[in-house]
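Colleague: Structure incoming, see below.
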Amino acid sequence: MKKQIFFVTFVALISTFFAGWIQTKSSSSQGTAGQHFRSTHQVEWERHRNFLRKDKEPAFEGTPVVLIPKNAAPNKEIFGYLPYWVFSNYPNLNYNLLTTIAYFGAEVDAQGNLTNLHDWPAPGLINKAHSEGVRVVLTAVSFNSNSIASILSDSTRRTRLVNNLLTQVQSANADGIQIDFEGVPSGQRANLTTFMTELTDAFHSAIPGSFVTIFTPAVDWSDVFDYFSLAQITDGLVISGYDYHWSAAPTAGPVSPLTGTRWGFFNVTWTVSDYLSKTFSNTSKLILGLPFYGFDWPTASDALEAATTDVGESIFYSEAYPNALQYGRLWDEESQSPWYKYNDGQWHQGWYDDSLSLAKKFEFVIDQDLKGIGIWALSYDGERQELLGALADAFGATAPPLKPTAFYVLNMGDGRVQIASKAVSGATGYNIYKSTDGDNFDQGTEFPNALNVLSNFSPDSTYYFKMSAINGNGESNLTEVLAVHPTSGQVGLLIVNGVDRTIGTVNTFDFVKRFAPAVTTGYAFDSCSNEAIENGDILLAQYEIVLWISGEEGTANESFSQREQSLLAQFLESGGKLFISGSEIGYDLVERGSTADKSFYRTYFKAQYVRDKVATHSASGTSAGIFNGVSSVTFDNGAHGTYNVDFPDGIKPVDGAVLSMAYNGFSAASFGGAGIQYAGPFGNSTIAGKLVYLGFPFETIYPESSRDLVMKAVLKFLGGTLTGVEAPLAETAPINEFELIRNYPNPFNPSTTIVFRLTGSAPLRTRLKIYNLRGQEIITLMDESKSVGRYSVQWDGRDSLGKLVASGKFIYRLQVGVRAQAKTMTLLR
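Under our numbering, residue 836 is the last one in the sequence shown; the count climbs by one each step, no gaps.
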């Protein structure tokens, strides 16, 4: 006991010292003077405090269903926060890998009243979670020290709050309560313990089996949390295993360092050791909270421990992952954390957690035999599956597999179609579902692998597909719907589904069915998810025209990630032709974007962003544009089968672009127009490409005849050198047909041979180039006029200066005349 008292005293002294050190360092850091520590919970709560969901559920009636026991539960507690600002995503959560959802949350005032419930009781969430065997608890939130002291120090107010919380949880048929009081004043240690005792007793008495927890800090600077007593009293302490570097931190660094002292005395290992010591290893009550987010800080340099020059911006994992892919993922061995850096005129550092760093923390939780892990916050990984994959590998041995990602559907010729996704960990097979209308699918066919080639498809039809992964524990969620229109010739058109957003919108994951019928009036096509583009599985350079579905993608989900921007820039600079549409593109890239985002928007989308909302649901073509004569194009207000486009972007053409569509009743000069078109070179290129950009989503246009009319004008403008199922819309001369054959060997070292075949009659300029995955040219292997024949070219793994390049994946691109194909290959040193 004396050793325990000595340890607690020592920790208190150390905490006091480091609190002063951090505050001193923070106040002297440029851009953070006078700013005190605020947790990510508080920062995001303040940012979204006035958030109003666009698509509210009907008023709550009746009682949600009772909790059904799970057939196969994770082997640890998986406690996920679901903040109200991402609540709309609840239908798409992976309930197989959850045991508890903490709805965040209900605001508490100084009198113990609940002042804002933020859409609680959330009956849709509770019904869904209970049917999946997942309990739902309400989080009570206060970040006001005075209010917290007022409640804790007064028995009447404590009782009032307990009764108010109990009423809300009982009426919702929910399963418990979580307390998140941050900024608890010193001197309230005993009162906090008393309150949690009263709260737990009341809940356990009124709701047998209810789950009562409290959010606790990584470091208890003021010594107000009696870890030992709280662990004895409650059902769990959800420990903050993040915010070691916070938004206003004086230096950029790891948000959740597992180990090391380079970044300071404290890390996750220290925090858990502190809790184990103070609770006498009461591991059955300790839940380690971990981040599905990171921070992007402006910094003084690109060096480790660089000073921040302003407050950092929190970024969801769904944004951090493609950023790291684009700029280069780095690894800090000291903290066991990934990070990246870039310069857009200002150095930035992004620190976050990925599947590897979290897997190490999951292993640490298992080694320490803790109760489980917490997640801040659910849905922050978007449609990406890497973090859930690590979670499943660690704790979900009895769970069904995760949903396949990087899904794509490609023509293979002669009535054959390739349907594939990234292989899913733990899957023993895959179900592929087929439809001819995008609505009515068959019962599915099981295949052993993630990549399959199916045959006997007619060139007179469009086919729709979706996919799932399976194992002995069940079936995953389904992918989005993709489509293909078969052809025996080359396919020059690609439809990209870039809509991941489910928050504050309606995402049916089948918007391709509103593009496909309009496209097939003249063209065969392939389709893919934007993740397949990001991962390099599908190359834009293989296609002449790309139709990119953006929907209401923006802000939390990013309309276009940095990697997507780089790939689109390369595509347009190489003469590609792009049709994009969406109501949040300008808002995301300009109003909420970085300097680099704004530059990309102007340079490659040829637009000036004017405003986030033009209050109408109709537009008409301009006399100077490709939609001349189209008097009224109406898009959905929520009553026509898709979703309410309540924030269409107002945009103006720049740098040679032309206004092609204007909103009805609104001056384009004042409010911005609805669409632009451009033909000419992009960036520093001299090759002409083309662009059509609409400030509202194409898929929301109604009726179908209007969509067909708009798409016909778009494709006629973009050009008709595509192999189609009918005559192309644009009248252009046919060009040489050619075939780029897979290189051999692949992977290779030290050299490989690239083979291609020309089958046309007239000689054309033929260029064969090698690029890295960032789109940077490595070497030109051929640039000369070639006629019909079969050609082979060898690459020895050297760049244009004769230097050996490092191991990695490379793109080889063949351009014959104005058409191009590309494939990837792997060099192993």
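The beta carbon of each residue, even a glycine, is placed where N, CA and C say it ideally should be.
Quick caveat, the model's predicted, so the values are computed rather than measured.
For K9, does the count of other Cβ atoms within 10 angstroms reach 16, so buried, or fall short, so exposed?
Modeller: Low local confidence applies: a pLDDT of 36 at K9 is under 50, so the model's placement there is unreliable, with the coordinate-based value given in what follows. It counts as exposed.
Colleague: Which class does W270 belong to by DSSP, given the choice of helix, strand or coil?
Modeller: Residue state, collapsed to three classes: coil.
Colleague: Taking the C-alpha atoms as reference points, what is the distance between T122 and I221?
Modeller: The straight-line gap from Cα to Cα measures roughly 20 Å.
Colleague: Mind checking D449: buried by the 16 CB within 10 Å criterion, or exposed?
Modeller: Classification for D449: exposed.
Colleague: Which stretch, first to last residue, makes up the beta strand (DSSP E) that contains L265?
Modeller: Segment: none, L265 is in no beta strand (DSSP E) and carries neither H nor E.
Colleague: With a threshold of 8 Å, are at least 3 pairs of Cβ atoms found where one atom belongs to the region 270 to 284 and the other to the region 316 to 331?
Modeller: No contact exists between the region 270 to 284 and the region 316 to 331.
Colleague: Exposed or buried, what is W52 when buried is set at 16 or more other beta-carbons lying within 10 Å of its beta-carbon?
Modeller: Result: buried.
Colleague: Per DSSP, which one or two residues make a beta bridge with F111?
Modeller: Answer is P90 and T146.
Colleague: From this set, L337, Q684 and F703, which residue's C-alpha is nearest T649's C-alpha?
Modeller: Selected option, being the one with the closest Cα: F703.
Colleague: Apart from the five residues just before and just after G561, which ones in its own chain have a Cβ nearer than 6 Å to its Cβ?
Modeller: Bear in mind that the predicted position of G561 carries a pLDDT of just 47, short of 50, making it too unreliable to give a figure here.
Colleague: Taking L554 as part of the beta strand (DSSP E), name the residues at either end of that continuous run.
Modeller: Element bounds for L554: I552 to G558.
Colleague: Please state the DSSP three-state secondary structure of Q49.
Modeller: Here Q49 sits in helix by DSSP.
Colleague: Give a yes or no on whether the C-beta atoms belonging to V262 and S217 are separated by under 9 Å.
Modeller: No; because the gap between Cβ atoms is not below 9 Å, this pair is not in contact.
Colleague: What is the DSSP secondary structure of T623, reduced to helix, strand or coil?
Modeller: Three-state DSSP puts T623 in coil, outside helix and strand.
Colleague: Should the region 131 to 139 be regarded as contacting the region 163 to 172, the criterion being three or more beta carbon pairs within less than 8 Å?
Modeller: In short, these stretches do not touch, since the Cβ pair count stays below three.
Colleague: Compute the distance between the beta-carbons of H355 and S606, then report whether it is under 9 Å.
Modeller: No.
Colleague: Starting from the N-terminal side, write out each stretch of the alpha helix (DSSP H) that is 4 residues or longer and does not extend beyond the region 289 to 364.
Modeller: Entirely contained in the region 289 to 364, the alpha helix (DSSP H) runs reaching 4 residues are, in chain order, 324 to 334.
Colleague: Would you kindly report the start and end of the unbroken alpha helix (DSSP H) that includes L722?
Modeller: Unbroken alpha helix (DSSP H) run through L722: E711 to L725.
Colleague: Apply the 10 Å Cβ neighbour rule to A310 and answer buried if 16 or more other Cβ atoms are within range, or exposed otherwise.
Modeller: By the neighbour-count rule (16 or more Cβ atoms within 10 Å), A310 is not buried but exposed.
Colleague: For a quick check, are the C-beta atoms of I708 and I683 less than 9 Å apart?
Modeller: No. Outside cutoff.
Colleague: Give me the Cα-Cα distance between D806 and S794, rounded to the nearest whole angstrom.
Modeller: Computed Cα separation, rounded: 27 Å.
Colleague: Of all the beta strand (DSSP E) runs that stay within the bounds of the region 467 to 546, which reach a length of 3 or more residues?
Modeller: Within the region 467 to 546, the complete beta strand (DSSP E) runs of at least 3 residues are 470 to 478, 489 to 491, 500 to 504 and 533 to 536.
Colleague: Does the region 400 to 408 come close enough to the region 426 to 443 that 3 or more CB-CB pairs lie under 8 Å?
Modeller: In short, these stretches touch, since the Cβ pair count reaches three.
Colleague: Just verifying my parser: in three-state terms, what is the DSSP assignment at A813?
Modeller: Coil.
Colleague: Between which two residues does the beta strand (DSSP E) holding D281 run?
Modeller: From DSSP, D281 is part of no beta strand (DSSP E) but of the alpha helix (DSSP H) over V275 to K285.
Colleague: Nearest to A179 by CA position, among L145, S758, R269 and A259, is which residue?
Modeller: Nearest C-alpha to A179: L145.
Colleague: Which same chain residues end up closer than 6 Å to P408 when comparing Cβ atoms and leaving out the 5 residues on each side of it in sequence?
Modeller: Excluding residues within five positions, the ones whose Cβ falls inside 6 Å are V431, G433, A434, A476, N478 and S483.
Colleague: Check each candidate in W802, Y778 and R774 and name the one with the smallest Cα separation from S792.
Modeller: Among W802, Y778 and R774, the Cα nearest to that of S792 belongs to R774.
Colleague: P660 bridges to which residues according to DSSP?
Modeller: Bridge partners of P660: A614.
Colleague: Alpha helix (DSSP H) containing I683: first to last residue?
Modeller: Not the alpha helix (DSSP H): I683 falls in the beta strand (DSSP E), residues G682 to P688.
Colleague: Over what stretch of residues does the alpha helix (DSSP H) that includes Q177 continue unbroken?
Modeller: Unbroken alpha helix (DSSP H) run through Q177: S162 to S178.
Colleague: Count the other C-beta atoms from every protein chain shown that fall within 10 angstroms of the C-beta of S34, then say buried if there are 16 or more, exposed otherwise.
Modeller: At S34 the pLDDT is 31, less than 50, meaning the model places this residue with poor confidence and gives no usable figure here.
Colleague: Note down the Cα distance separating N438 from V416, rounded to an integer number of angstroms.
Modeller: Roughly 14 Å separates the two Cα atoms.
Colleague: Could you check which residue in L485, M668 and P455 has the C-alpha nearest to that of S639?
Modeller: Nearest of L485, M668 and P455 to S639, Cα basis: M668.
Colleague: Less than 7 Å between C-beta atoms, sequence neighbours within five positions excluded: which residues of the same chain meet that for F210?
Modeller: The answer, listed in chain order, is L173, G183, I184, S217 and V219.
Colleague: Rounded to whole angstroms, how far is the Cβ of S465 from the Cβ of G422, which I believe are closer than 8 Å?
Modeller: Yes, S465 and G422 are in contact; Cβ-Cβ is about 7 Å, under 8 Å.
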